[in-house]
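Residues in the sequence shown are numbered from 6 upward in steps of one, following our numbering.
Even for Gly, the Cβ is constructed at its ideal location relative to N, Cα and C.
Treat the numbers as computed from the prediction; the structure is a model and nothing was measured.
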Amino acid sequence: AIHDFAIEILDSGQGGPPHVTQFITTQRDGMTRNGLTYSLASNLHHTAPYAVTMCMYPFSSGTDLSNPAQYWSNSNSVPHACIGGDENAGDRWWEPKLSEGIVRFISGRSNVFGEAAVWPAEKNICMILPLG
């Protein structure tokens, strides 16, 4: 849905400079959802490299991705619905760092959300992904 909406906006011919856009993803969303998001981010980045960035929260090192209990456990990765308190009750270990990063980005104190990291990074680092 996000990909379709964004493509519709791009096709609407609004013109003008692109808005600064930050994509925040989690490895747990899987190859299809993240692949579509990456495709959109990459296409936007080619239009305005200075305005589009993307990062991804990885699984915790050592997570057995073939084990559903480990794959879906909030203790091993940032969940898809990671903002707001209505979902994923309990230990929301990701929230303080994520919230601070979003505030820095929106307030203009930082022009990118995420950190340059080498794979495999830790689960609490939103790794900047190359879009070029």
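Burial state of Thr68 (16 or more Cβ within 10 Å): Start at 1 with the first residue of the sequence shown, and residue 68 comes out as number 63. Thr68 comes out buried.
Assign His51 to buried or exposed, taking buried as 16 or more other Cβ atoms, counted over all protein chains shown, within 10 Å of its Cβ. The residue given as residue 51 occupies position 46 in the sequence shown. Exposed.
Going by beta-carbon coordinates alone, are Val25 and Ala56 separated by less than 8 Å? Stepping through the sequence shown from its first residue, residue 25 is reached at position 20. Stepping through the sequence shown from its first residue, residue 56 is reached at position 51. Contact flag set, yes.
Span separating the alpha-carbon of Asn79 from that of Trp124: On the sequence shown, residue 79 is found 74 positions in, with the first residue counted as 1. On the sequence shown, residue 124 is found 119 positions in, with the first residue counted as 1. So the alpha carbons of these two residues sit roughly 20 Å apart.
Where does Ile107 sit, in a helix, a strand or coil, going by DSSP? Along the sequence shown, one-based indexing puts residue 107 at 102. Ile107 falls in the helix class under three-state DSSP.
Leaving out the 5 sequence neighbours to the left and right, which residues in its chain are closer than 8 Å to Asn93 when beta-carbon positions are compared? Within the sequence shown, the letter at position 88 stands for residue 93. Answer for Asn93: Asn79, Pro84, Ala86 and Cys87, listed in chain order.
Tell me, which residues are paired with Thr31 by DSSP? For this step, residue 31 is matched to residue 26 along the sequence shown. Paired residues: Tyr62.
Compute the Euclidean distance between the alpha carbons of Ala46 and Phe28, then round it to the nearest angstrom. Counting from one through the sequence shown, the residue named residue 46 turns up at place 41. Counting from one through the sequence shown, the residue named residue 28 turns up at place 23. Each residue's alpha carbon lies about 7 Å from the other.
What did DSSP end up calling Thr52 once you bin it into helix, strand or coil? Within the sequence shown, the letter at position 47 stands for residue 52. Helix at Thr52.
Sequence-distant residues of the same chain with beta carbon closer than 7 Å to Arg109, five excluded per side: Counting from 1 along the sequence shown, the entry for residue 109 is found at position 104. Contacts found: Ser115.
What are the boundary residues of the alpha helix (DSSP H) that includes Ala126? Looking up residue 126 in the sequence shown gives position 121. Where Ala126 is concerned, there is no enclosing alpha helix (DSSP H), given that its DSSP letter is neither H nor E.
Anyone know if the C-beta pair for Asn4 and Lys128 falls short of 8 Å? Residue 4 cannot be examined here, being either before or after the span of the chain that is shown, 6 to 137.
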